[in-house]
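In this text, residue positions in the sequence shown follow our numbering: the first is 502, and each later residue adds one.
Think of the CB as a built atom: it goes at the ideal place given N, C-alpha and C, for glycine as much as any other residue.
Since the structure comes first, as structure tokens, the remarks are kept for the end.
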Amino acid sequence: MKNTKKSLFLSGASLVLSAALLAGSTFAWFTDSVTNTGNQVQAGTLSIDAVAYDLAKSGENGFTIEGVNGGETFYFEEKGQDLKTEKDPIISEENWEPGVSSAKLLQVTNSGTLATKIKVDFTVLENDLTNALWFDFVQVDENGQISGKFTRRPMSTLETFADNLELPLSADKSVQFILVYGMNEEAGNEYQGKSFAADVSILAAQYTEETDGFDSNQYDKDAAYDTVVSGKDDLSTVFANAQDEERIIFNENVSSENNVDIRNRENVVVDFNQNTAEIDNNNIAMRVIGSAEKKASATFADGTIKAGQGTYCTVGASNADLTLNNMSLYNETAWGNSVKSFAGGVITLNNVTSTSVNGGAMEAAGGTINVNGGTFTQTGKYDWNSCFGAVSSGTGTLNVRDMQATGDSYGFYIFSSGGTINIYSGTFTAGTVLKADLDLGTYPTAQGIINIYGGSFDGKIAVNDKCTMNVEAGTFANTGLTLEQFQKYVAEGSSVSENNGTFAVVKN
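As structure tokens, then:
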């Protein structure tokens, strides 16, 4: 859903009159002002609730549909299944036979403050029984009466029919419709033991009801629905077809052996919805890629991404802004990383958990990585990539706050091509917790800078004399350095003390 940002600009009017009197006399000014306070823009909310009701033997919730149930009234239970909180399938039929039918009552309520349009999206997962089944949607009007005529439709048309069925829904209003379905009487023996399965999503998007300041209600006429992803979908195609402002929601775990890329798109949101994507493409599992003409941007939230053996990176970005919120990342390739930011890429990690086996947690390879909280675990040693935070390509920059990290090999590492590491807070443990290796023969203009403004470090320090390390504050244990050797890293305006081999640096 697109967000419209508006600003209010107010101008105070002032009236200034002046008169020049005789030489040596005083100037007098008339003044006035008007002040208007309390201006604000309050965003509305778009939210729906959905409830499904099962058939009942009797009750007050009864309907008669010509052509269904022999023309007899059928009833629905008074208490339904809240589809936001109760995840059990709304349809679970067993031992069906030709001629059997059933129905579900669905009620969707606009619980937000903005008008919306809704549609029901079906993804067929098993279709062996499809040609033996029929369905129809019958709408119930505001007075609780059946609206429209029942039509028996082949189940093979379910996805297409639902995709073309769209209903407007004003704020605080509800809409009801009945899903009627059954098995054809003429279904033969070839359908014995077969099955039909589908995922269903109820989608909502802005609708053209409210008007803006120019009395137009067409500003949201192109508002798009969320894209719902199931295990059946080709994840590579879904990401490749993403549009600006699109929201992609996972409704189950997915996997892919192809490149999964968002290219040249802005403000794409991928809600993993607590599901897992397993990618084994021998490349980078998920990438966001922009260009010189258009910087891409995306947000991944609330889920897990696992990169298979040989897939050297879990997420990557170039010429793009990528934000990860509450994500778990896994990588097991020796020379790989969970996170890699290339030139023009900015990756922000908010409360991310990273598990890396043999390879590393993250590398700012010419781009920038911002870490805000989270837990990073690196196990095993293969080569220099076996660290929990690295910079390279000269312009690579790593900014770290409140990170908890452990590594079997290296901690923070400036590779030979240079970069900058800024550490503000956190707890860090590794065999060599701070390391820098500039190669000025190969990269004659390279610079390596480590700035430490706080944090707790446990492990050796191995920073070559071609690099700069400035420590304003923090504690450092098991460094392998004497106090005199460590003293050269203490920034001007700070001081260091030693207690049982642990150095404590404080800002004066």
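Spatially closest choice to R653 from T856, S612 and F638, by CA coordinates = F638
Within the same chain, show all residues whose beta-carbon is closer than 7 Å to that of L680, passing over the 5 residues directly before and after it, in chain order.
-> A604, K605, L607, F636 and F638
When D884, N851, T898 and T856 are compared against E833, the one with the closest alpha-carbon | T856
Inter-residue spacing [alpha-carbon to alpha-carbon] between F929 and E758 = 35 Å
When DSSP labels each residue in this structure, what does V517 get in the three-state scheme?
-> Unreliable positioning characterises V517 in this predicted model, as indicated by a pLDDT of 32, which lies under 50. The coordinate reading is nonetheless provided below. Coil at V517, not helix or strand.
Expected contact under 8 Å - CB spacing of C814 and N838 to nearest Å = 5 Å
Provide the residue span of the alpha helix (DSSP H) that contains F987, from first to last.
-> L984 to Q988
Any idea which residues DSSP pairs N832 with across the strands?
-> S857
Are C968 and A937 closer than 8 Å when you measure CB to CB?
-> yes
Cβ shell of K695 (< 7 Å), same chain only, five flanking positions each side left out | D629 and L630
Run of the alpha helix (DSSP H) containing F740, from where it starts to where it stops = L736 to A741
Beta-carbon proximity of N752 to V730, cut-off 8 Å | yes
Enumerate in chain order the residues of its own chain whose CB-to-CB distance from D909 is below 8 Å, with the five nearest sequence positions on each side excluded.
-> Q879, T880, G881, K882, S887, A931 and G932
Does any CB atom of chain D fall closer than 8 Å to the CB of T943?
-> Annotation note: the requested chain D is absent from the structure, which comprises a single protein chain.
Alpha carbon to alpha carbon, how far is A706 from V552?
-> 18 Å
To which residues of the same chain is E948 closer than 7 Å at the C-beta, ignoring the five residues directly before and after it?
-> Here the sequence assigns Gln to residue 948, which means Glu is not the residue at that position. G919.
Straight-line CA distance for A688 to N596?
-> 14 Å
Across which residues does DSSP place D884 in a beta bridge pair?
-> In DSSP, D884 forms no bridge with anything.
Identify the continuous alpha helix (DSSP H) that holds L584 and give its terminal residues.
-> First-last for L584: undefined, no H or E at that position.
Going along the chain, which residues of its own chain have a beta-carbon closer than 6 Å to the beta-carbon of G1002, five neighbours each way excluded?
-> none
Backbone secondary structure at T777 - three-state DSSP = strand
Is the distance from the Cβ of G568 to the Cβ of F651 below 8 Å?
-> yes
Are the beta-carbon atoms belonging to I806 and L823 less than 8 Å from one another?
-> no
Which one or two residues does DSSP pair with R902 in a beta bridge?
-> N873
Mind checking Q744: buried by the 16 CB within 10 Å criterion, or exposed?
-> exposed
Spatial neighbours of D940 within its chain, please: CB distance less than 6 Å, with the 5 preceding and 5 following residues excluded, ordered by chain position.
-> S917
Since I1010 sits in a beta bridge, which residues does DSSP pair it with?
-> Because residue 1010 is not part of the residues shown, which for the chain are 502 to 1009, the question remains open.
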